[in-house]
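Each remark here refers to the structure printed beneath this line.
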Amino acid sequence: MAFLIRIIVIAIIIYAFYRLLRYILDPMRKLDAAVENGSYYFYDDVNNVRKNFFIAMRGVVFEGEKYLGTTEDAFEVVSIFVWTENPDKLQGFSKEDFYFLQKEISMNYPDAQINWKNPIEQLMKNEG
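Residue numbers (the numbering used here): 3 to 130.
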């Protein structure tokens with residue numbers, strides 16, 4: 003009986019350690035921490051086209067939807083739509099910030115055309 007209890011206690015300790023490790027390494031937790039700290043974080047599963055990517059920058063979360071298409075010699079992500087759920091938090095952002103985001107996205111998806119949804123789209127169309 004004592005042997006069985008020891009095995010159960012060891013299994014519980016191993017499981018708790020596993021859960022703690024998964025919590026610490028969870029990318030969504032890192033994204034939430036970046037939003038709260040107002041820092042930059044890019045969360046993406048590059049190998050899974052169906053999963054959207056998330057970018058945290060200065061307390062705002064941007065979401066990007068990827069679309070697969072054909073290039074000259076392969077199937078690649080050819081179109082990306084980026085938006086934020088909270089456009090009211092965009093106060094203080096400039097075109098330079100969005101150019102920076104475009105550059106960061108282009109590093110992972112060089113063949114993709116990046117499109118912004120409103121109100122960011124209106125800012126990027128205004129030249130001058």
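Yeah, the Cβ is synthetic: ideal placement off N, Cα and C, and Gly gets one too. All values derive from a computational prediction rather than experimental measurement.
Contact belief for residue i with residue j at Cβ below 8 Å, rounded distance in angstroms
i	j	result
VAL79	VAL51	6 Å
ILE122	ILE116	Their Cβ separation, rounded to whole angstroms, is 11 Å, which puts ILE122 and ILE116 out of contact at 8 Å.
Contact set for residue i: own chain, Cβ-Cβ below 6 Å, skip 5 residues either direction
i	result
LYS68	VAL51, VAL79 and ILE82
ILE10	none
VAL84	PHE64, GLY66 and TRP118
ARG60	GLY40
ALA58	LEU33, ALA36, VAL37 and TYR43
PHE55	ASP46 and GLY66
Same chain, Cβ closer than 8 Å to residue i, five either side skipped, listed in chain order
i	result
PHE77	LEU70 and GLY71
LEU92	VAL62, THR86, PRO121 and ILE122
Rounded C-alpha distance that separates residue i from residue j
i	j	result
ALA13	MET30	27 Å
LEU22	ALA114	37 Å
ILE26	ASN128	42 Å
ASN88	MET3	57 Å
PHE19	ASP28	14 Å
ASP47	GLY94	29 Å
THR73	PRO112	11 Å
ASP99	MET109	16 Å
GLN104	TYR45	15 Å
PHE5	ARG24	29 Å
Neighbourhood of residue i by C-beta, 7 Å cutoff - its chain only, sequence neighbours within 5 removed
i	result
LYS97	LEU125 and MET126
LYS53	ASP47
ILE15	none
Bridge partner(s) assigned by DSSP for residue i
i	result
GLN93	Paired residue(s): none; GLN93 is not in a bridge.
VAL84	GLY66 and TRP118
ALA58	TYR43 and VAL63
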